[in-house]
Amino acid sequence: MLKTKIDMDKKEEILKLANKYRWELGENLHDSILESIYSDASNITNKVVSKIGEKPKFDWDRLIDKLVTGKLTGFPIMFLLLALVFWLTISGANYPSQFLSWILIDNVHHYLKMFSQFLSFPNWLSGLLIDGAYLATAWVVSVMLPPMAIFFPLFTLLEDFGYLPRVAFNLDFLYKKVGAHGKQALTMSMGFGCNAAGVVATRIIDSPRERLIAIITNNFSLCNGRWPTQILIATIFIGGAVPNYLAGIASSAAVVFIALLGVSFSFIVSLFLSKTLLKGEVSSFSLELPPYRPPRILQTIYTSLIDRTLIVLWRAVVFAAPAGIIIWLVANISINNISLAEYFINWVNPFGLLIGLNGVIILAYVIAIPANEIVIPTILMLTVLTNNITGFGSGAGVMFELDSVQQTEYLLRNSGWSLLTGINLMLFSLLHNPCSTTIFSIYKETKSVKWTLISTFLPIVLGILICFLVASVWNMI
Amino acid sequence: MKANMKDINKNCETCPAHNLSNLVKLGVDMTHFDFVVALAGNPNVGKSTVFNSLTGLKQHTGNWPGKTVGRAEGAFQYNNKRYKIVDLPGTYSLLSTSVDEEIARDFILFGQPDVTVIVVDASRLERNLNLTLQVLEITDRVVLCLNLIDEAERHNLKIDDRLLSKELGIPVVKCSARQGLGIPDLLSSIHKVATKEFICKPYRMTNTSKKISNAIDDINKKLKEQFPNLANTRWIALRLLEGDQNIIDAIKSGEIGKLSFVENEN
Chain R
1 MLKTKIDMDK
11 KEEILKLANK
21 YRWELGENLH
31 DSILESIYSD
41 ASNITNKVVS
51 KIGEKPKFDW
61 DRLIDKLVTG
71 KLTGFPIMFL
81 LLALVFWLTI
91 SGANYPSQFL
101 SWILIDNVHH
111 YLKMFSQFLS
121 FPNWLSGLLI
131 DGAYLATAWV
141 VSVMLPPMAI
151 FFPLFTLLED
161 FGYLPRVAFN
171 LDFLYKKVGA
181 HGKQALTMSM
191 GFGCNAAGVV
201 ATRIIDSPRE
211 RLIAIITNNF
221 SLCNGRWPTQ
231 ILIATIFIGG
241 AVPNYLAGIA
251 SSAAVVFIAL
261 LGVSFSFIVS
271 LFLSKTLLKG
281 EVSSFSLELP
291 PYRPPRILQT
301 IYTSLIDRTL
311 IVLWRAVVFA
321 APAGIIIWLV
331 ANISINNISL
341 AEYFINWVNP
351 FGLLIGLNGV
361 IILAYVIAIP
371 ANEIVIPTIL
381 MLTVLTNNIT
391 GFGSGAGVMF
401 ELDSVQQTEY
411 LLRNSGWSLL
421 TGINLMLFSL
431 LHNPCSTTIF
441 SIYKETKSVK
451 WTLISTFLPI
461 VLGILICFLV
471 ASVWNMI
Chain X
478 MKANMKDINK
488 NCETCPAHNL
498 SNLVKLGVDM
508 THFDFVVALA
518 GNPNVGKSTV
528 FNSLTGLKQH
538 TGNWPGKTVG
548 RAEGAFQYNN
558 KRYKIVDLPG
568 TYSLLSTSVD
578 EEIARDFILF
588 GQPDVTVIVV
598 DASRLERNLN
608 LTLQVLEITD
618 RVVLCLNLID
628 EAERHNLKID
638 DRLLSKELGI
648 PVVKCSARQG
658 LGIPDLLSSI
668 HKVATKEFIC
678 KPYRMTNTSK
688 KISNAIDDIN
698 KKLKEQFPNL
708 ANTRWIALRL
718 LEGDQNIIDA
728 IKSGEIGKLS
738 FVENEN
């Protein structure tokens, strides 16, 4: 008891002492300490640093900065770089994709089937494992690996070079206008790789209000799971709508357009949020523009392959195998000779058509909630199933070999897909709920059910509205 | 000529000064460590690159400030001592407010690392020294890693590392972690400071008035008597002088004593 009393007295004594000194020293103590630190730092630097030789006549960093952050040149350079990255991805990914699907789907699948017959597997087991789980996985690998293996290293090279903060610098005034934080440009860029990572990266934003805006709008950055969908559909429907020699450029332009549309939506929604649910002041911040550093090309390719490509691919595979099983089941469990999948598809088809999509696409998006990566394989498989198209697969619910974009195109067009379906699928792929991993990250970061639900449903409501609008206008013309 | 180069490299690897052979990268295996090393510095000076080259981990690095948002931990073994190393988010000062900067500050202040390695951008020394001097105010055992030295040389800057070491009273190591240069020296400096083979005599502010330093010393003495376990009493004294309400409350409730105690247990 006595000891506590003495303790209290001593603590009071310390505080009183501090108080006394504070009065003696005056208000500008903080400033004078900072000043002292700054002048010490400057003195020491002057002692130890010397400049050798003449100043280089030409400062590359300055020149590059003048161009990439210039008022007139900044934005065009940004668009061109983005377009170049996509063009390289789209034109480079085609051949390795074909090669992988030839190995994994044409050959390995065939041998696995023969092997299961040799072991006299029952039909349902070989269907579930080989036609369901294996084929879904093989599909994801052959569709996703090549574009990712090109896109991620390119993006990482730009990052290593020091370009990302310049993007933030360029976009800052727009973010300020919509009441959001300028660093949102950085978290948005992270979202182009993976939305879950983008959501975690919002920790660099100090103000909780602006951080929430950044979290909710991160889903408008097309994540890598959605790039393959965009690229494939653009190649088929946009590239197919123009003369051959323009196909590559037109489809790249379409993908860039969708990506930029996503960026515009992130601005519009940020503005909406900062005017309604998340009112408040814009906080100021300082962002250092780092020096340009020559990217370490080999190392970047290695780490981006290992860190990003393989990890993301692994995630897709983990989700694709069970999804393949589910697809096979809903396609093969029948009531009155009509499979579960068909029931659902027929049920939502009118709604799907109303918004310029179809029942198959909607079912695919339900199955693909865990991972956007499996949307395209699911759509193709369900399309074959419901249209009873022969010559592609070996029975209901079997994913099939599509060696080329032409075959995919033939299949989709024969199932009633039009240019409108293609465009709206691209729009819907941009504007729908985040994948389950991202939803979980949002919950972990915000610790709020309310904001998690808003982040989940806001984009999908927007997507349905936009698709409906486009479909209505399209049908009028 | 080529053969010559090869021979030279061979000699390097067998030289006792070349200590990389004593380095075992332990990745995330952080069991039974002898020392804790904190990696601090301004944003975007290559802390994560240094971290990767010591632990063998592949923490993603990128050329923009704010890349590391949490704190990453890893381990390595050097000269039969096991080190746990903590990669902190970048900070410009110890007086800042955002979540990621607080993580860094709290760890240096209360995590009681055995060695704090401050990574600085050699081509921007003056700005980086501001943080360095603040860290030196609050902890004794520090190694300065002059990273990106290749960058500085590219800009025709020459840095006298020995003079800098003398001025600051701590070991200074020239590094280019991206190229893997200087890592052996960095390791041996960390080891010397951790094992107290090198006793730092850290630089303390000189330009403050006698009045201020007297006040700090006086409060510091009282704090040490009252909370013998508390690390960084100098910094707390400074915060008290500045009237930091959080610190005042923590002293009133006695929580400040507990704070250092809990962190000690970890």
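Each protein sequence line maps, in turn, to chains R and X.
Going by my numbering, the final residue of the first sequence carries number 477, and the count climbs one at a time with no gaps.
Going by my numbering, the final residue of the second sequence carries number 743, and the count climbs one at a time with no gaps.
C-beta atoms are modelled at their ideal positions from N, C-alpha and C, and glycine is treated no differently.
Owing to the predicted nature of the structure, the values given are computational and were not obtained by experimental measurement.
Item to check | Cutoff 7 Å: X:D721 Cβ touching any chain R Cβ | outcome: Residue-level contact by beta carbon fails for X:D721 and chain R, as no gap is shorter than 7 Å.
Checklist entry - DSSP beta-bridge partners for X:D564? => result DSSP, once it has assigned bridges, lists X:L516, X:A549 as partnering X:D564.
Item to check | Coarse secondary structure for X:Y555, derived from DSSP in three states | outcome: DSSP places X:Y555 in strand when its eight states are reduced to three.
Checklist entry - Does any CB atom of chain X fall closer than 7 Å to the CB of R:Y21? => result So, interface residue.
Next on the checklist: Under 8 Å: do the stretch 174-185 of chain R and the stretch 142-162 of chain R share three or more Cβ pairs, one atom per stretch?
Outcome noted: Between the stretch 174-185 of chain R and the stretch 142-162 of chain R, the count of C-beta pairs closer than 8 Å stays below three; the two stretches do not touch.
Item to check | Cβ-based neighbour list, R:E401, same chain, cut-off 6 Å, excluding 5 preceding and 5 following | outcome: With a pLDDT of 43 at R:E401, under the threshold of 50, the modelled position of this residue cannot be trusted, and the question is left open.
Next on the checklist: Would X:L718 and R:Y175 be called neighbours here (beta carbons separated by less than 7 Å)?
Outcome noted: Not a contact, by the Cβ cut-off of 7 Å.
Next on the checklist: For chain R, check one thing: does any of its Cβ atoms lie closer than 7 Å to the Cβ of X:K687?
Outcome noted: False, the Cβ-Cβ gap to chain R never drops below 7 Å.
Checklist entry - When DSSP labels each residue in this structure, what does R:I355 get in the three-state scheme? => result In the displayed model, R:I355 falls within coil according to three-state DSSP, outside both helix and strand.
Item to check | Burial state of R:I14, where buried means 16 or more other Cβ atoms lie within 10 Å | outcome: When all chains shown are included, R:I14 counts as buried.
Checklist entry - Tell me which same chain residues have a C-beta within less than 7 Å of the C-beta of R:H432, skipping the five on either side of it? => result Correct list, in chain order: Y365, P459, I460, G463.
Next on the checklist: So, for R:T156: in the same chain, excluding its five sequence neighbours on each side, which residues have a beta-carbon less than 6 Å away from its beta-carbon?
Outcome noted: If we look at R:T156 and ignore the five residues flanking it on each side, its Cβ neighbours are T300, S304.
Item to check | C-alpha gap between X:V596 and X:K524, whole angstroms | outcome: Straight through space, the alpha carbons of X:K524 and X:V596 are spaced by roughly 6 Å.
Item to check | Short CB-CB distance (under 7 Å) between R:S142 and chain X | outcome: No, because no Cβ of chain X sits closer than 7 Å to the Cβ of R:S142.
Next on the checklist: Rounded to whole angstroms, what is the Cα-Cα separation between X:G533 and X:G567?
Outcome noted: Rounded to the nearest whole angstrom, the C-alpha separation of X:G533 and X:G567 is 21 Å.
Checklist entry - Taking the continuous beta strand (DSSP E) assigned at X:N624, which residues delimit it? => result Note, X:N624: beta strand (DSSP E), 619-624.
Next on the checklist: Quick check on DSSP: helix, strand or coil for R:D131?
Outcome noted: It is helical.
Checklist entry - According to DSSP, is X:L707 helix, strand or coil? => result Taken through DSSP and simplified to helix, strand or coil, X:L707 comes out as coil.
Checklist entry - Just the Cα atoms here: how many angstroms apart are X:A480 and R:I33? => result Bear in mind that a pLDDT of 46 at X:A480, under 50, signals an unreliable position, so the model cannot answer this.
Item to check | Interface residues of the stretch 689-700 of chain X facing chain R [CB-CB below 9 Å] | outcome: Under the 9 Å Cβ criterion, the stretch 689-700 of chain X contributes I689, N691, A692, I693, D695, I696, K699, L700.
Next on the checklist: Excluding the 5 residues flanking X:V739 on each side, which residues of the same chain have their C-beta closer than 8 Å to its C-beta?
Outcome noted: Unreliable positioning characterises X:V739 in this predicted model, as indicated by a pLDDT of 36, which lies under 50. The coordinate reading is nonetheless provided below. Answer for X:V739: no residue qualifies.
Item to check | Beta-carbon contacts of R:I231 that lie in its chain and below 8 Å, excluding the five residues immediately before and after | outcome: For R:I231, the CB contacts under 8 Å within the same chain, skipping 5 residues up- and downstream, are F86, T89, I90, A93, P147, S251, V255 in chain order.
Next on the checklist: For a test of the three-state rule: what should DSSP assign to X:G504, helix, strand or coil?
Outcome noted: Looking at X:G504 - three-state DSSP - the assignment turns out to be strand.
Checklist entry - Of all the residues that make up the stretch 639-658 of chain X, which are near chain R by a beta-carbon distance shorter than 7 Å? => result Residues passing the 7 Å Cβ filter: L640, L641, E644, R655.
Checklist entry - In or out: X:R716 buried (at least 16 other Cβ within 10 Å) or exposed? => result Taking every protein chain shown into account, the CB of X:R716 has 16 or more other CB atoms within 10 angstroms, so this residue is buried.
Next on the checklist: Quick check on R:T229: does DSSP put it in helix, strand or coil?
Outcome noted: If DSSP states are grouped into helix, strand and coil, R:T229 belongs with the helices.
Checklist entry - Helix, strand or coil: how does DSSP classify X:K701 here? => result For X:K701, the secondary structure class from DSSP, reduced to helix, strand or coil, is helix.
Checklist entry - Quick check: the stretch 64-73 of chain R against the stretch 100-119 of chain R, are there 3 or more CB pairs under 8 Å? => result The stretch 64-73 of chain R and the stretch 100-119 of chain R do not touch, with fewer than 3 CB-CB distances between them shorter than 8 Å.
Next on the checklist: Quick check: the Cα distance between X:I693 and R:Y302, rounded to an integer number of angstroms?
Outcome noted: Near 51 Å, if we compare the C-alpha coordinates of R:Y302 and X:I693.
Checklist entry - What residue ranges within the stretch 197-267 of chain R form continuous beta strand (DSSP E) runs of no fewer than 3 residues, ordered along the chain? => result Runs found: none.
Next on the checklist: I'd like to know if X:K635 contacts chain R, where contact means its C-beta is closer than 7 Å to some C-beta of that chain.
Outcome noted: Taking Cβ atoms only, chain R reaches closer than 7 Å to X:K635, which makes this a yes.
Checklist entry - For X:Q703 and chain R, any beta-carbon pair shorter than 7 Å? => result Put simply, the CB of X:Q703 is near chain R, with a gap under 7 Å to one of its CB atoms.
Checklist entry - Would R:L212 pass as a contact of R:L278 if the rule is Cβ separation under 7 Å? => result In this structure, R:L278 lies closer than 7 Å to R:L212 by Cβ.
Next on the checklist: With H, G and I counted as helix, E and B as strand and the rest as coil, what does DSSP make of R:K10?
Outcome noted: In the three-state DSSP reduction, R:K10 falls in the helix class (H, G or I).
Checklist entry - In chain X, which residues lie with their C-beta within 7 Å of the C-beta of R:H30? => result Here the neighbours are E719.
Next on the checklist: In the DSSP output, what is X:T593 paired with across the bridge?
Outcome noted: Per DSSP, X:A515, X:V619.
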